[in-house]
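Heads up, the thing below is written out as structure tokens.
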Amino acid sequence: MLSNKHILGMDDLSADDIARILETAESFAEVNTRRIKKLPTLRGLTVVNLFLEPSTRTRTSFEIAAKRLSADAINFSASASATVKGESLRDTAATLAAMSCDLVVVRHKYAGAPRMLAEMMDCSVVNGGDGIHEHPTQALLDLYTMKRALGRLEGLRVGIVGDISHSRVAGSLVPALRKVGATPVVIAPPTLLPSRPDVLGAEVAWDLDEQLASLDVAYMLRVQMERADGMPFPSLREYARFYGMNAARLAKMKPEAIVMHPGPMNRGVEISADVADGDRSLVLTQVESGVAVRMAVMYLLLGGADSGVAA
Amino acid sequence: MSGSGKAKAVVLDDVAIDRALTRIAHELLEANKGAEGLALAGIVTRGAVLAQRLATRIKEIEGTEVPVGTLDISFYRDDVATRLNPEVHRTDLPFDPDGRCVVLVDDVLFTGRTIRAAMDALMDYGRPSCVRLAVLVDRGHRELPIRADYVGKNVPTSSREQIKVRLLETDGEDTVLILGEDGEE
Numbered sequence: 002m003l004s005n006k007h008i009l010g011m012d013d014l015s016a017d018d019i020a021r022i023l024e025t026a027e028s029f030a031e032v033n034t035r036r037i038k039k040l041p042t043l044r045g046l047t048v049v050n051l052f053l054e055p056s057t058r059t060r061t062s063f064e065i066a067a068k069r070l071s072a073d074a075i076n077f078s079a080s081a082s083a084t085v086k087g088e089s090l091r092d093t094a095a096t097l098a099a100m101s102c103d104l105v106v107v108r109h110k111y112a113g114a115p116r117m118l119a120e121m122m123d124c125s126v127v128n129g130g131d132g133i134h135e136h137p138t139q140a141l142l143d144l145y146t147m148k149r150a151l152g153r154l155e156g157l158r159v160g161i162v163g164d165i166s167h168s169r170v171a172g173s174l175v176p177a178l179r180k181v182g183a184t185p186v187v188i189a190p191p192t193l194l195p196s197r198p199d200v201l202g203a204e205v206a207w208d209l210d211e212q213l214a215s216l217d218v219a220y221m222l223r224v225q226m227e228r229a230d231g232m233p234f235p236s237l238r239e240y241a242r243f244y245g246m247n248a249a250r251l252a253k254m255k256p257e258a259i260v261m262h263p264g265p266m267n268r269g270v271e272i273s274a275d276v277a278d279g280d281r282s283l284v285l286t287q288v289e290s291g292v293a294v295r296m297a298v299m300y301l302l303l304g305g306a307d308s309g310v311a312a
Numbered sequence: 059m060s061g062s063g064k065a066k067a068v069v070l071d072d073v074a075i076d077r078a079l080t081r082i083a084h085e086l087l088e089a090n091k092g093a094e095g096l097a098l099a100g101i102v103t104r105g106a107v108l109a110q111r112l113a114t115r116i117k118e119i120e121g122t123e124v125p126v127g128t129l130d131i132s133f134y135r136d137d138v139a140t141r142l143n144p145e146v147h148r149t150d151l152p153f154d155p156d157g158r159c160v161v162l163v164d165d166v167l168f169t170g171r172t173i174r175a176a177m178d179a180l181m182d183y184g185r186p187s188c189v190r191l192a193v194l195v196d197r198g199h200r201e202l203p204i205r206a207d208y209v210g211k212n213v214p215t216s217s218r219e220q221i222k223v224r225l226l227e228t229d230g231e232d233t234v235l236i237l238g239e240d241g242e243e
């Protein structure tokens, strides 16, 4: 029922697809408030979570989504799978195909790995984050969260603040916002922007304080402390001073504006603890929405699949 | 949607639909000995409209407000793998089914598969003391051992014919049509 069999990036989804996913997710959100949070919908189908890069929240979210739809969820993690024994992605794909799974969610440290997998397998593939490329279900749950909180998506001005050039979250969120008629504004020091920021299709700004008053959403990206080549700014303190969300900055935003973060947060760096725990932070709502949105994605990808409509 | 189908006959007109609903409301109250403990759950979309109308009738007859909810069965269908419901609506049951007599309401009873799904959906919300089924039209051709407790009209059909229920709230008029065997074209 979606225009593509796979969701590898936002390019695979039309504006109609996005609207359908968000609408369907609302029905699943209701299920998640019930005492019995389980539906028989995808009984007998198998969802493989192939997480070849460490992840807890995304994997758990997909796993819960699959289980609430009665699909069998199987987790392959990097440390436990044969990949540590040197198995290639090609062989892993062949192995999974031989076990006849219906949907593979893949996270990989290299951009494009999900696409390679999709080309080798008959079943649907969902990108659960590939390198610094895309993380489409994160963008979908972010759209869902914004829509629930602000009542609309069209016309929203969304500031995405932080490491734009290495963020797969931004890689999906920028095109996602454009598809639904919102305006993405990427806000970062030049060292954290790609060399050609104009090709992103977003407005580009260096100064967060100048933008605050016009934003409906401040989307704070995580400072990736684990990056091998070191941080491209002088110190974390300096980063927090210029690009961190705090109470003083929040006070300069519109009264209804909200703060979001894909997690995990570095408290005191990109977001201060009082803002993160405050009532205008939707960090936990994002996590909650994640399950409903991923249920919707699985339902729409796997439902009707036998009829060939989706293929 | 496929409005081009040849209308073979009008099965129920607005007056007949009205009478049928009034009768069903009376029958419900009689069987339940009043409105106490009763709840209505209409199956999206036209069943939900009919449930609302039945509640209004019951209010007129008995003076009691009976809780009404809507049930979307998309996630409980047995053909999810082959056919996807394009529009998923929300289930909204503003009552706890535990210990209540819940009446499922739908427009047409055909194979019985929708009702099977509706019962499964309802049971996920609680444990009703009993579940009853009220339909506007029973057209036969059951594929499951399910029958209606309250029927507006029994309409013998061939399996290739189509029954089209149109209601004021959803379609702008109250009528039930039977479309000929070429109804789908």
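If you read the sequences in order, they're chains A and B.
Residue numbering for the first sequence is 2 to 312, as defined by my numbering.
Residue numbering for the second sequence is 59 to 243, as defined by my numbering.
Built from N, CA and C at the ideal position, the CB exists for glycine as well.
Values in this document were obtained by computation on a predicted structure and should not be read as measured data.
In the three-state reduction of the DSSP assignment, Met261(A) falls in the strand class. Cβ-Cβ distances below 8 Å link Tyr244(A) to Val162, Gly163, Ile188, Ala189, Pro190, Leu209 and Glu271 in the same chain, with the five nearest sequence neighbours on each side left out; the list follows chain order.
Judged by DSSP secondary structure, Met299(A) falls within the alpha helix (DSSP H) whose first and last residues are Val284 to Leu303. Assignment of Gly129(A) by DSSP, reduced to helix, strand and coil, places it in the strand class.
At the C-beta level, Gly105(B) and Leu70(B) stay beyond 9 Å of one another. Burial state of Gly160(A) is buried, judged by a 10 Å Cβ sphere holding 16 or more other Cβ atoms. Chain order gives no chain B residues near Met254(A), where near means a beta carbon separation below 7 Å; the closest approach is about 32 Å. In the three-state reduction of the DSSP assignment, Tyr220(A) falls in the strand class, which pools E and B. Proximity of the region 99-113 of chain B to the region 224-232 of chain B meets the contact definition, three or more beta-carbon pairs being nearer than 8 Å. Per the C-alpha coordinates, the member of Val161(B), Ala139(B) and Ile131(B) positioned closest to Val124(B) is Val161(B).
The residue among Ala67(A), Asn76(A), Leu174(A) and Met122(A) with its C-alpha nearest the C-alpha of Asp92(A) is Met122(A).
In this structure Pro185(A) does not touch Leu194(A) by the C-beta definition: roughly 13 Å separates them, more than the 8 Å allowed. Arg148(B) belongs to the set of residues whose beta carbon lies under 9 Å from a beta carbon in chain A. Between the region 66-80 of chain B and the region 189-196 of chain B there are three or more inter-stretch CB-CB distances shorter than 8 Å, so the stretches are counted as touching. The beta-bridge partner set that DSSP reports for Tyr208(B) consists of Ala192(B). In the structure shown, the three-state DSSP call for Arg108(A) is strand. Excluding the 5 residues flanking it on each side, Ile65(A) has same chain C-beta neighbours closer than 6 Å at Val292, in chain order.
Given a length threshold of 3 residues, each whole run of the beta strand (DSSP E) inside the region 168-230 of chain A is given here in chain order: 184-188, 204-206 and 218-221. Non-local beta-carbon contacts of Ser217(B) in its own chain, meaning distances under 6 Å to residues more than five positions away in sequence, involve His199 in chain order.
Ile131(B) carries a coil assignment under DSSP once its states are collapsed to helix, strand and coil. In the displayed model, Met122(A) falls within coil according to three-state DSSP, outside both helix and strand. Ala79(A) carries a coil assignment under DSSP once its states are collapsed to helix, strand and coil.
Across the structure, Pro263(A) and His84(B) are spaced so that their CA atoms are roughly 56 Å apart. Residue burial is scored here from C-beta neighbours: Ala249(A) has fewer than 16 other C-beta atoms within 10 angstroms and is therefore classed as exposed.
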